[in-house]
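A short write-up of the structure that comes next.
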Amino acid sequence: MFKKNVLLALCSSVALAACGGGGSDSSSDKSDGPLYEDETPTTTGYTDGQLITASEALRARVDECIDTSNVGFRSTHFEVFSIDDASTNEDLKAAATVAEAGLKSIQEMLVVHDDEIVGTQGKELISVCLRTEDPNNSFTGHSGTGFKDGLVINAPRAGDFSLDLENSTSQLLRHELVHVIQIRIVYGLEAGTHGGFDTDKWYSEGLAQLIAGQEVSTNATEIDAYLAAITAGTETAAPAIRTHQDHVDSNGRYRDYALAVHYLFTPSKYGANNPLSDGAELWRKLGEEIDFGATDPFASAFSKVFVNDRQKLTPLTQQQYSTNFVSWMTEFRTDAWADGNVTGTNAQNVDMVFVMEEGVELLAGRMKADGDVSSQNFEVLLTRLDPSKAYDVYFLDVVSESGGTMEVEYYGPLKGYASYEAHALQANGPGGGTTFDITNAKVTKATVED
Ligand SMILES: [Zn+2]
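Remember, the working numbering sits 72 above the position in the sequence shown when you count from 1.
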């Protein structure tokens, strides 16, 4: 039976799929699904820990919280405080709970061990400072900073945090947490307190964005406009955005950086096919290069870690990626999504489509604009599927929704086959059409807790 967290996890278990997931609306750009490994979110209970006073803190608090914050919450890996004690104890605990779940999922995705990022002394705990949004300075809206000591984010209000993977405050916390992990791996745990790190912004921001479940560019029209601007010389290709000075945040470029990072890890003929664990391997290698005194540590580490499988496993250099960015992204964005069609009784009520393998959710497709009353079009991220396998395809109808509970019916499984040649998810075996008829499919009713 589907539970809501399972539905959310559909997007996450495929670490790099850009998932639609949410509802019936659209082929619009709603593809910024979470990459987050869903650790059975709970709405009751907090992570283990204890309330502490400021003087009991094991580590220096992040600047903004020093001297203004008297009560904190310490969990296994974190100490959470808020500026001027603006957050309630409940908020501190909730932030720690989200931080612990986020850390665990990031570690699992990137294969990062505890001793690389928090050590064994307790003094390396990660500080979290919850900051009151201040319209008189630049800290407005959802903004945050991650550095070696920990992170600061705008989020002191009651109820800001939840384990809902699409909760934007929680996504922000995970994003900053990726930066903390990155800096600690590159520079080690012992020296320094902050460790500024602002080189190769496209990679650090793109990976943080991707891992946090924030927006990744997948809208073909927008990507085309971006690529055209690069060709015209009015935008810089993402892999050439190396320093803060290179970065001009016009039109939210982080999602384009995330696209560039996404390509590195997409395992198909359309992607470079590196394991996601190489995301952290680059930081380890970068740390070595910095110790070694390489003149361009990032470029050196990059070419030692990444390959481009489309070029038969040859090393990929940052320069190559910048040079070929437009042509590779053109194909990547064009070929990533494949159309399908669901037809039959009740097809017009289908709200979501899921592709599963042996009971494991691989990815969520997205519904496109409604067709006629007896069929609907959808699309799935073909690059996530192996053309040699058969998959179970489910179609889900949200029958009603009230008070945090959804009544759903799902149809399936129907067999689906990925074909790169036909650029399609085929319903009737290799060579078959792309129409999935649910008229005679098994129907299962389920109640989904919100
Ligand atoms: Zn960032």
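Each residue gets a CB set at the ideal place from its N, CA and C atoms; glycine is no exception.
What you are looking at is a predicted structure, and each value in this text was computed from that prediction instead of being measured.
E525 beta carbon near ligand 1 (any heavy atom closer than 7 angstroms): Look at the range of the chain in this structure, 73 to 522, and you will see that residue 525 is not part of it.
Span of the alpha helix (DSSP H), counted from its first residue to its last, around I283: Mapped onto the sequence shown, residue 283 falls at position 211. Unbroken alpha helix (DSSP H) run through I283: K273 to A284.
Residues of its chain near V190, where Cβ-Cβ distance is below 6 angstroms and the 5 sequence neighbours each way are ignored: Working through the sequence shown from its first residue, we reach residue 190 at position 118. Closer than 6 angstroms at the Cβ level, and outside the excluded window around V190, lie H149 and E196.
Whole-angstrom distance between N380 and Q281, CA atom to CA atom: Here residue 281 refers to the residue found at position 209 of the sequence shown. Here residue 380 refers to the residue found at position 308 of the sequence shown. Answer to the nearest angstrom: the Cα atoms are 22 angstroms apart.
Reference L235, options G501, G365, T395 and T119, closest by Cα: Taking the first residue of the sequence shown as position 1, residue 235 is located at position 163. Checking every option, the nearest Cα to that of L235 belongs to T119.
Own chain, CB closer than 8 angstroms to S460, minus 5 neighbours either side, in chain order: If you number the sequence shown from 1, residue 460 lands on position 388. So no residue of the chain qualifies.
Cβ-based neighbour list, T115, same chain, cut-off 6 angstroms, excluding 5 preceding and 5 following: Against the sequence shown, residue 115 aligns to sequence position 43. With a pLDDT of 43 at T115, under the threshold of 50, the modelled position of that residue is not reliable, and no figure is offered here.
Cα-Cα separation between P502 and A490, rounded to whole angstroms: In the sequence shown, the residue the question calls residue 502 occupies position 430. In the sequence shown, the residue the question calls residue 490 occupies position 418. Cα-Cα distance, rounded: 8 angstroms.
Coil, strand or helix - V422 by DSSP: On the sequence shown, position 350 is the one that residue 422 refers to. Residue state, collapsed to three classes: coil.
Pair within 8 angstroms by beta-carbon distance, Y335 and W274: Translated into the one-based positions of the sequence shown, residue 335 becomes position 263. Translated into the one-based positions of the sequence shown, residue 274 becomes position 202. The answer is no: Cβ separation not under 8 angstroms.
Residues near R524 by beta carbon distance below 8 angstroms, same chain, minus five either side: Not covered by the structure: residue 524. The range shown for the chain is 73 to 522.
Where P485 falls: helix, strand or coil (DSSP): By 1-based counting over the sequence shown, the position of residue 485 is 413. Three-state DSSP puts P485 in a strand.
Cβ-Cβ separation, V480 to L468 (assumed contact under 8 angstroms), whole Å: For the purposes of this step, residue 468 is taken as residue 396 along the sequence shown, with counting starting at 1. For the purposes of this step, residue 480 is taken as residue 408 along the sequence shown, with counting starting at 1. Sure, about 6 angstroms apart at Cβ, within 8 angstroms.
Close beta carbons around F404, own chain, < 6 angstroms, minus the five adjacent residues each side: The sequence position of residue 404 within the sequence shown is 332, counting from 1. Closer than 6 angstroms at Cβ, skipping near neighbours: Y335 and Y342.
Extent of the continuous alpha helix (DSSP H) to which F337 belongs: For the purposes of this step, residue 337 is taken as residue 265 along the sequence shown, with counting starting at 1. Element bounds for F337: Y326 to F337.
Ranges of the alpha helix (DSSP H) found wholly within the stretch 333-412, counting only runs of at least 4: 350-364, 369-377 and 390-407
Backbone CA spacing between I302 and E128 [nearest angstrom]: Within the sequence shown, the letter at position 230 stands for residue 302. Within the sequence shown, the letter at position 56 stands for residue 128. Each residue's Cα considered, the two are about 52 angstroms apart.
C-alpha distance - V224 paired with L249, whole-angstrom precision: As a working note, residue 224 is residue 152 in the sequence shown. As a working note, residue 249 is residue 177 in the sequence shown. So the two alpha carbons sit approximately 10 angstroms from each other.
Secondary structure of K440, DSSP reduced to three states: As a first step, residue 440 is located in the sequence shown; it is residue number 368 there, counting from the start. Correct three-state label for K440: strand.
Under 8 angstroms between C-beta atoms of F508 and Y466: Locating residue 508 in the sequence shown gives position 436, where the first residue counts as 1. Locating residue 466 in the sequence shown gives position 394, where the first residue counts as 1. It is not a contact, given that the beta carbons lie outside the stated cut-off.
Proximity test, A280 beta-carbon vs ligand 1 heavy atom, cut-off 7 angstroms: For the purposes of this step, residue 280 is taken as the residue at position 208 of the sequence shown. Yes - ligand 1 has a heavy atom lying nearer than 7 angstroms to the Cβ of A280.
S99 - DSSP class collapsed to helix/strand/coil: For the purposes of this step, residue 99 is identified with residue 27 of the sequence shown, where counting begins at 1. Confidence at S99 is low in this model, with a pLDDT of 25, below 50, so its placement is unreliable and no value can be given for it.
Any non-hydrogen atom of ligand 1 closer than 7 angstroms to H251 Cβ: For this step, residue 251 is matched to residue 179 along the sequence shown. Correct: H251 has its Cβ closer than 7 angstroms to ligand 1.
Beta strand (DSSP E) segment containing Q498, residue limits: Taking the sequence shown and counting its residues from 1, the one referred to as residue 498 is at position 426. Run containing Q498: A496 to Q498, per the beta strand (DSSP E) assignment.
Distance cut-off 7 angstroms: H316 Cβ against heavy atoms of ligand 1: Taking the sequence shown and counting its residues from 1, the one referred to as residue 316 is at position 244. It does not: the Cβ of H316 is nowhere closer than 7 angstroms to a heavy atom of ligand 1.
Validate contact between the stretch 251-263 and the stretch 308-322 using beta carbons, cut 8 angstroms, 3 pairs: no
Check: H334 C-beta below 7 angstroms from any heavy atom of ligand 1: Taking the first residue of the sequence shown as position 1, residue 334 is located at position 262. No - ligand 1 has no heavy atom lying nearer than 7 angstroms to the Cβ of H334.
Simplified DSSP assignment, three categories, for Y259: On the sequence shown, residue 259 is found 187 positions in, with the first residue counted as 1. The answer is helix: DSSP assigns Y259 an H, G or I state.
Rounded straight-line distance, which links the Cα of N161 to that of I510: Reading the sequence shown from its first residue, position 438 is the one you call residue 510. Reading the sequence shown from its first residue, position 89 is the one you call residue 161. Spanning the two alpha carbons is a distance of roughly 50 angstroms.
Three or more C-beta pairs below 8 angstroms linking the stretch 341-358 and the stretch 180-189: yes
Straight-line Cα distance separating K376 from I389: One-based indexing of the sequence shown puts residue 389 at position 317. One-based indexing of the sequence shown puts residue 376 at position 304. It should be noted that the sequence gives Thr, not Ile, for residue 389. Each residue's Cα considered, the two are about 8 angstroms apart.
Distance, V143 Cα to K517 Cα: As a working note, residue 517 is residue 445 in the sequence shown. As a working note, residue 143 is residue 71 in the sequence shown. About 47 angstroms.
Near ligand 1: H319 beta-carbon under 7 angstroms from a heavy atom: The residue you call residue 319 lines up with position 247 of the sequence shown. Outside the cutoff, so no.
Contact belief for A310 with A292 at Cβ below 8 angstroms, rounded distance in angstroms: Residue numbering aside, residue 310 sits at position 238 when the sequence shown is read from its first letter. Residue numbering aside, residue 292 sits at position 220 when the sequence shown is read from its first letter. Contact flag wrong, Cβ pair sits at about 17 angstroms.
Environment of L123 [buried if 16+ CB atoms lie within 10 Å]: If you number the sequence shown from 1, residue 123 lands on position 51. Exposed.
Residue burial classification, D186 (beta-carbon count within 10 angstroms, cutoff 16): Taking the first residue of the sequence shown as position 1, residue 186 is located at position 114. The residue in question, D186, is exposed, as its Cβ has fewer than 16 Cβ neighbours within 10 Å.
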